[in-house]
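Engineer:
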């Protein structure tokens, strides 16, 4: 039986991180403020890579199912 994945913890953690980064954008140190933009860009890059890998994995799984049906 399929069920929807519970992402409550992940959502809370992401919201907390974003809130902290937003607070750091107003920091008096220029290096800290510059690091916020870098961190947000890196997080976006990682999310895009995760989505790409999920799609790739789904494609491989579909292919393997088709191959196993042919051989089975």
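Residue numbers (the numbering used here): 130 to 201.
Ideal placement from N, C-alpha and C gives every residue a C-beta, glycine not left out.
No experiment lies behind these values; they were computed from the predicted model shown.
#1: Under DSSP, the alpha helix (DSSP H) around residue 133 begins and ends at which residues?
#2: Closest to residue 281 by C-alpha separation, out of 197, 176, 181, would be which residue?
#3: Taking DSSP as the reference, what is the three-state secondary structure of residue 155?
Structural biologist: The answer reads as follows:
#1: Position 4 of the chain shown holds residue 133. No alpha helix (DSSP H) contains residue 133, which DSSP labels as neither H nor E.
#2: Because residue 281 is not part of the residues shown, which for the chain are 130 to 201, the question remains open.
#3: The count along the chain shown starts at 1 and reaches residue 155 at position 26. Coil at residue 155, not helix or strand.
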